[in-house]
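For reference, the structure discussed in these notes is given below.
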Amino acid sequence: MPDTIIVGGGLCGLALAKSLQERGRDFTLYEARERMGGRIFSERCRRNNLAVDLGPTWFWPDTQPRVTRMISGLGLDTFAQHDQGNILRLNTTDEKPEVMELTEVHGGARRVVGGMGRLVTAMTAQLPVDRLHLGHTLLSVEEDDDHVILSFHHNERVVQVNARHVVLALPPRLLEEHVRFDPPLNASLREAMRATHTWMADQAKVVVAYDQAFWRKSGRSGNAFVTHEQVVLPEIFDACDATGEQAALGAFFSLPPAFRATIPPATMALLISSQLVQVFDLPAEDGEQHVHDWAQEAYTCSTLDRTPPSMHPEYGNPKLRLPLWENKLFFGGSETAGYGGGYLEGALESAARLQRILAPDPVSLNPEALTGPADNTACIALFGTWVTAQQPDLLATYRRHLNQYLTRQHKEQLTQRALLDTIEQFYSEALRQLSELPFDTSSTGIHKGRSELTPEVHAPFATVHQTLIREALAFNRSSCALSNFPEEHTPGKEYLSTIARDLAAAWREFALSSNAVLLAKAATVSESQRTH
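Taken in order, the sequence shown gives residues 36 to 567; the numbers are from my numbering.
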């Protein structure tokens with residue numbers, strides 16, 4: 036019986052498998068598709084051999100440290116998203132597009148050379164082939180004494196496997212809709228699962244390959260926004276390779292999923308071509324189209340996801356981050372992340388949370404790795420120094436998040452979103468730092484589920500929220516970029532209360548998670564003492 040079964044071969048599942056492999060832990064991974072990667076999906080163009088990303092395309096080093104470290108650690112080359120040149124906006128169908136005042140759209144985004152699929156290939160190559168099982172669709176999850184029983188549909192038959200721990204690294208809505216749990220999940224948890232929108236599930240994307248990047252030669256960036264009533268592709272971007280020699284334009288669809296499903300492929304191809312010609316003239320007509328509709332993906336889109344959300348989805352519901360069945364069952368995936376929910380960063384944040392529970396770093400059990408004995412006082416001081424050192428940079432991180440929302444044309448609750456992103460990123464990195472410190476927990480007291488070290492770990496954070504909010508509002512009042520959003524200059528009491536509640540929720544999540552890190556270290560020490 037394996038110690039851990041991971042269900043879902045997307046980035047979260049692969050990252051967790053990789054971390055368990057590195058720590059010598061037993062695991063098996065099951066994926067329903069006949070490929071790994073989940074929503075990461077790159078396809079090769081016949082026309083120019085370009086690998087085009089039909090799922091995630093970008094990552095942002097300034098605000099996404101986990102995915103940046105992962106890509107660098109795997110030795111993958113990256114390049115900046117091309118944003119140089121005029122940005123166009125088409126407001127009507129019978130006029131030429133106008134040049135926008137914007138000078139940047141993607142806020143420092145970078146791409147992986149050879150497509151984001153190389154991230155999946157590189158991670159999969161580091162895992163034992165015999166532990167990876169494709170074509171297994173999860174049917175049911177059952178608790179049985181000290182283990183969990185999973186039933187999969189595979190090759191026209193039902194396959195059952197057992198494990199001591201199970202991680203479901205799948206969209207919560209898909210699990211709630213399609214998987215049977217025994218004993219049944221409680222009503223509040225099922226409601227939290229239904230309320231969690233699956234990122235990208237209602238979206239469709241097209242990348243069109245060309246012989247040359249003709250738009251660059253005429254001084255255009257490839258970025259365009261279409262706002263007229265007949266819009267098919269509201270957001271267009273340059274999708275060329277790093278050199279610009281393998282040319283392509285990418286775009287997202289505005290048509291709702293139900294309507295897209297009724298359009299024949301030939302008609303859709305004409306709509307795409309016509310839209311691109313409206314923006315970029317006749318040279319855009321002759322391209323090789325690659326379309327992927329995630330709403331038609333059974334392993335991505337639930338019934339609820341076919342209705343697009345009215346606003347930016349919220350992720351990290353605490354109910355989806357708590358262990359079930361006496362620490363035998365866990366939810367994972369980007370939608371459960373406390374930071375970066377929906378993005379690649381969120382998938383890695385979720386994997387790190389699960390790794391801390393299932394395979395905590397045994398640094399304190401490796402005296403050879405230390406220059407001296409583990410000293411909790413020194414560890415607390417070192418952690419406090421790190422927290423203090425990061426605080427002056429939080430405003431700069433806030434400004435980067437704010438600029439990303441502005442360049443992506445978001446107009447609602449800008450301060451609230453950027454502050455929450457900043458704090459959650461800060462706490463995510465703090466948990467990583469805490470996990471790596473060599474605490475000696477062999478004699479640490481635990482009272483009512485709380486480590487006696489926890490209050491000392493929390494102490495350096497006492498004024499973080501108040502200071503950051505004050506600095507962010509001062510920046511807003513002096514920022515030309517926010518001149519069209521007066522409510523962000525002088526927010527009312529209700530808006531400030533909402534911001535405070537969001538940050539308080541992020542703190543509660545960090546407080547619980549940091550205590551869990553310390554408890555996991557103590558449990559690892561206890562296990563080591565029993566086996567030696």
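All C-beta atoms, glycine included, are put in the ideal place defined by N, C-alpha and C.
Subject >> contact_flag[the stretch 380-398, the stretch 214-223] where n(CB pairs < 8 Å) is 3 or more >> reply: Contact fails: fewer than three Cβ-Cβ distances are below 8 Å.
Original post:
Grouping DSSP H, G and I as helix and E and B as strand, with all else coil, what is Ile106?
Top reply: Judged by DSSP in its simplified three-state form, Ile106 adopts helix.
Original post:
What's the gap between the Cα of Arg536 and the Cα of Leu85?
Top reply: Near 46 Å, if we compare the C-alpha coordinates of Leu85 and Arg536.
Original post:
Does the Cβ-Cβ distance between Glu544 and Gly373 come in under 9 Å?
Top reply: It is a contact, given that the beta carbons lie within the stated cut-off.
**OP:** Could you say which of His493, Glu178, Arg485 lies nearest to Cys414 if we only look at CA atoms?
**Re:** The shortest C-alpha separation from Cys414 is found at His493.
Subject >> Distance, Val196 Cα to His358 Cα >> reply: Inspection of the sequence shows that residue 358 is occupied by Pro rather than by His. Approximately 20 Å between the Cα atoms of the pair.
Original post:
Taking Cβ positions, are Phe114 and Arg146 nearer each other than 9 Å?
Top reply: Closer than 9 Å, so yes.
Subject >> Between the CA atoms of Gly257 and Asn438 - distance to the nearest angstrom >> reply: In this structure, the straight-line span from the alpha carbon of Asn438 to that of Gly257 is close to 20 Å.
**OP:** Could you tell me if Gln265 is buried or exposed, where buried requires 16 or more neighbouring beta carbons within 10 angstroms of its beta carbon?
**Re:** So Gln265 ends up on the exposed side.
Original post:
How about Asp237 and Cys336: do their beta carbons lie closer than 9 Å?
Top reply: In this structure, Asp237 sits near Cys336, with a CB-CB distance shorter than 9 Å.
**OP:** Inspect the beta-carbon positions of Val312 and Ala301 and report whether they are closer than 9 Å.
**Re:** It is not a contact, given that the beta carbons lie outside the stated cut-off.
Original post:
Measuring CA to CA, which of Leu554, Ala424, Met36 is closest to Ser470?
Top reply: Closest in C-alpha terms to Ser470, from the list Leu554, Ala424, Met36, comes Leu554.
Original post:
Helix, strand or coil for Ser186 per DSSP?
Top reply: If DSSP states are grouped into helix, strand and coil, Ser186 belongs with the strands.
**OP:** Measure from the alpha carbon of Asp38 to the alpha carbon of each residue in Trp93, Thr432, Arg166, then state which is nearest.
**Re:** Here the closest residue by C-alpha is Arg166.
Subject >> Sequence-distant residues of the same chain with beta carbon closer than 6 Å to Gln247, five excluded per side >> reply: Counting only Cβ-Cβ distances below 6 Å, and skipping sequence neighbours, we find Ala282.
Subject >> Sequence ranges, beta strand (DSSP E) only - wholly within the stretch 280-333, length at least 3 >> reply: The qualifying runs are 282-287, 323-328.
Original post:
How would you write the range of the alpha helix (DSSP H) that Asp179 sits in, first residue to last?
Top reply: No alpha helix (DSSP H) contains Asp179, which is instead part of the beta strand (DSSP E) from 172-179.
Original post:
How do the stretch 202-218 and the stretch 87-107 stand: do at least 3 beta-carbon pairs fall below 8 Å, yes or no?
Top reply: Flag = no, the stretch 202-218 and the stretch 87-107 do not touch.
Original post:
Taking buried to mean at least 16 other C-beta atoms within 10 Å of its own C-beta, is Lys528 buried or exposed?
Top reply: Burial call: exposed.
Original post:
Ser470 lies in the alpha helix (DSSP H); which residues open and close that run?
Top reply: Per DSSP, Ser470 belongs to the alpha helix (DSSP H) from 449-471.
Original post:
Does the beta carbon of Val422 fall short of 8 Å from some heavy atom of the ligand HEM?
Top reply: Although the ligand HEM was asked about, the structure shown includes no ligands whatsoever.
Original post:
Are the stretch 57-69 and the stretch 420-430 touching, with three or more C-beta to C-beta distances below 8 Å?
Top reply: Segments in contact, no.
Original post:
Would you call the CB atoms of Leu123 and Val314 closer than 9 Å?
Top reply: Taking 9 Å as the cut-off, the beta carbon of Leu123 is found closer than this to the beta carbon of Val314.
Original post:
Given Leu389, which residues of its chain have a CB within under 7 Å of its CB, disregarding the five upstream and five downstream residues?
Top reply: Cβ-Cβ distances below 7 Å link Leu389 to Leu51, Val202, Phe365, Gly367 in the same chain, with the five nearest sequence neighbours on each side left out; the list follows chain order.
Original post:
When the Cα of Ile184 is compared with those of Gly170, Leu503, Tyr378, Arg199, which residue comes out closest?
Top reply: The candidate whose alpha carbon is nearest that of Ile184 is Arg199.
**OP:** Enumerate in chain order the residues of its own chain whose CB-to-CB distance from Ser54 is below 8 Å, with the five nearest sequence positions on each side excluded.
**Re:** Leaving aside the five residues that flank Ser54 on each side, the residues in its chain whose CB is nearer than 8 Å to its CB run, in chain order, Ala386, Ala387, Gln390, Ala394.
Original post:
For Ile481, which beta-bridge partners are listed by DSSP?
Top reply: DSSP, once it has assigned bridges, lists Ser486 as partnering Ile481.
Original post:
According to the neighbour-count rule (16 or more other Cβ atoms, all chains shown, within 10 Å of its Cβ), is Val176 buried or exposed?
Top reply: It counts as buried.
Original post:
Which class does Glu491 belong to by DSSP, given the choice of helix, strand or coil?
Top reply: Glu491 falls in the helix class under three-state DSSP.
Original post:
Could you give the distance in angstroms between the alpha-carbon of Lys483 and the alpha-carbon of Ser477?
Top reply: Annotation: Lys483 to Ser477 spans about 18 Å, alpha carbon to alpha carbon.
Subject >> Where Leu317 falls, given that 16 or more other Cβ within 10 Å makes a residue buried >> reply: Under this definition Leu317 is an exposed residue.
Subject >> Whole-angstrom distance between Ser548 and Thr342, CA atom to CA atom >> reply: Distance between the alpha carbons of Thr342 and Ser548 is about 33 Å.
Original post:
Between the beta-carbon of Asp340 and the beta-carbon of Arg208, is there less than 9 Å?
Top reply: In contact: Asp340 and Arg208 (Cβ atoms closer than 9 Å).
Original post:
In angstroms, rounded to a whole number, what distance separates the CA positions of Gly375 and Gln99?
Top reply: The alpha-carbon separation between Gly375 and Gln99 amounts to approximately 8 Å.
Subject >> Limits of the unbroken beta strand (DSSP E) element including Ile40 >> reply: Run containing Ile40: 39-42, per the beta strand (DSSP E) assignment.
Subject >> Residues of its chain near Val552, where Cβ-Cβ distance is below 6 Å and the 5 sequence neighbours each way are ignored >> reply: By the criterion of a C-beta distance shorter than 6 Å, Val552 is surrounded in its chain by Arg391, Leu469, Ser470, once the five residues flanking it on both sides are discounted.
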